[in-house]
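Numbering (my numbering), first residue to last: 13 to 324.
Heads up, the thing below is written out as structure tokens.
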């Protein structure tokens with residue numbers, strides 16, 4: 013039976029089954045108002061039936077103010093919203109790992125129709141991120157992480173992605189952050205997953221979880237990554253990078269983690285008008301190199317003349 017020939021009864025049955033599932037399901041109209049959400053979505057976001065049609069921005073403000081739903085680590089929620097809304101509803105499909113206040117983590121996928129309707133689907137991946145729930149779950153988590161690593165743009169594809177972002181006026185101001193595991197003497201171009209890549213996979217997951225929907229990331233080498241931050245000035249970019257380093261530091265102090273402990277450093281630079289993408293990339297790598305030379309476990313903002321300060 014073709015999709016066009018589906019009967020109304022089958023459509024109703026499909027909608028009912030989706031609504032009853034454990035995955036999050038929500039529909040936003042072209043004005044970004046919540047038109048429908050299943051019980052799992054309402055529970056995750058702390059909503060009650062009959063709440064009307066709140067806008068997406070209102071939902072995010074409530075999450076930040078009431079400490080429920082999506083965990084937004086921003087001191088200024090309005091600044092966060094301004095930066096996020098500038099890019100929201102421009103990409104046909106997005107996907108990212110999102111932390112929630114109740115400790116769960118969801119893989120959130122958003123699909124935008126040509127008419128402006130946005131479908132949100134969320135799958136609970138908390139078990140895959142704990143890395144200590146037994147051999148089966150640990151193996152599944154590693155498979156997900158390897159897929160994430162292999163799916164990241166690298167080499168020429170990464171440079172092309174960076175050039176595209178730099179060519180868009182809507183992306184400015186734009187910053188990039190080069191991140192890498194400490195204790196690595198030189199940049200290696202081998203990006204194939206190996207048996208000792210536990211820290212690399214963990215950093216990739218934490219990098220993905222720390223990005224906004226408009227950000228992009230890719231692999232620079234075996235243990236290095238590049239984070240592209242459009243519509244982010246130096247202050248906001250520094251906050252994002254520092255938060256990621258703090259998460260890695262907290263993980264290092266957690267004795268229950270199964271994967272080997274590690275530390276990482278970061279180099280931050282802000283793009284300049286008419287600057288070629290390779291030059292911007294080299295400046296970011298220089299900042300990362302300075303951070304490692306200063307002992308690692310720190311962020312260097314090259315444009316600020318920062319000589320390397322440990323991440324708080």
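Backbone N, C-alpha and C fix where the C-beta goes; we use that ideal spot for every residue, glycine too.
Every value quoted in this text rests on a predicted model; they were computed, and no experiment measured them.
**Asked** Roughly how many whole angstroms lie between the Cα atoms of residue 122 and residue 240?
**Response** Between residue 122 and residue 240, the alpha-carbon positions lie close to 20 angstroms from each other.
**Between the CA atoms of residue 35 and residue 182 - distance to the nearest angstrom** = 33 angstroms
**Asked** Thinking C-beta only, is residue 100 closer than 8 angstroms to residue 67?
**Response** no
**Simplified DSSP state of residue 186, which is helix, strand or coil** = coil
**Message:** Can you find the residues in the same chain that come closer than 8 angstroms, C-beta to C-beta, to residue 218, ignoring five residues on each side of it along the sequence?
**Reply:** Excluding its 5 nearest sequence neighbours in each direction, residue 218 has C-beta neighbours in its own chain below 8 angstroms: 256, 259, 260, 263, listed in chain order.
**Prompt:** Along the chain, which unbroken stretches of the alpha helix (DSSP H) at least 4 residues long are found entirely within the segment 32–113?
**Reply:** 51–56, 68–78, 89–97
**residue 139, DSSP secondary structure in three states** = helix
**Asked** Is it the case that the Cβ atoms of residue 312 and residue 292 are separated by a distance below 8 angstroms?
**Response** no
**Request:** Could you check the C-alpha separation between residue 39 and residue 249 for me, to the nearest Å?
**Result:** 31 angstroms
**Asked** What whole-angstrom Cβ distance do residue 277 and residue 167 have, given they're in contact under 8 angstroms?
**Response** Not confirmed; about 22 angstroms, so no contact.
**Prompt:** By Cβ distance below 6 angstroms, which residues in the same chain neighbour residue 105 in space, the five residues on each side in sequence not counted?
**Reply:** 123
**Limits of the unbroken beta strand (DSSP E) element including residue 239** = 236–241
**Request:** Buried or exposed for residue 180, please, with buried defined as at least 16 other CB atoms from any protein chain shown within 10 angstroms of its CB.
**Result:** Burial call: exposed.
**Prompt:** How long is the line joining the alpha carbons of residue 223 and residue 116, rounded to whole angstroms?
**Reply:** 17 angstroms
**Request:** Report the rounded CA-to-CA distance for residue 310 versus residue 72, giving the unit in angstroms.
**Result:** Between residue 310 and residue 72, the C-alpha separation is close to 31 angstroms.
**Asked** Cα separation between residue 58 and residue 31?
**Response** 17 angstroms
**Asked** Do you know offhand how far residue 63's Cα is from residue 185's?
**Response** 37 angstroms
**Request:** Could you name the residues of the same chain whose beta carbon sits closer than 8 angstroms to that of residue 253, not counting the 5 residues immediately before and after it, in chain order?
**Result:** 189, 191, 239, 278, 280, 311
**Prompt:** In this structure, does DSSP put residue 180 in helix, strand or coil?
**Reply:** Of the three classes helix, strand and coil, the one that applies to residue 180 here is coil, per DSSP.
**Prompt:** Roughly how many angstroms separate the alpha carbons of residue 290 and residue 315, rounded to a whole number?
**Reply:** Going by the C-alpha atoms only, they are around 17 angstroms apart.
**Message:** By the DSSP assignment, the alpha helix (DSSP H) with residue 289 in it spans what residues?
**Reply:** 289–305
**Message:** Does the distance between the C-beta of residue 191 and the nearest non-hydrogen atom of the ligand NAD fall short of 7 angstroms?
**Reply:** The model depicted lacks the ligand NAD and carries no ligand whatsoever.
**Prompt:** So what's residue 278 in DSSP terms, helix, strand or just coil?
**Reply:** strand
**Item:** Bridge partners - residue 228, DSSP secondary structure assignment
**Value:** According to DSSP, which records beta bridges pairwise, residue 228 is partnered with 240.
**Message:** Considering Cα atoms alone, identify which of 89, 91, 108, 53 is closest to residue 81.
**Reply:** 53
**Euclidean distance between Cα positions of residue 75 and residue 220** = 20 angstroms
**Request:** In angstroms with no decimal places, state the Cα-to-Cα distance between residue 165 and residue 126.
**Result:** 26 angstroms
**Asked** Given a threshold of 16 other Cβ atoms within 10 Å of its Cβ, counted over all protein chains shown, does residue 140 qualify as buried or as exposed?
**Response** buried
**Asked** Taking residue 131 as the reference, which of 37, 243, 294 has the closest Cα?
**Response** 37
**Request:** Could you spell out where the beta strand (DSSP E) holding residue 313 opens and where it closes?
**Result:** 310–313
**Asked** According to DSSP, is residue 22 helix, strand or coil?
**Response** helix
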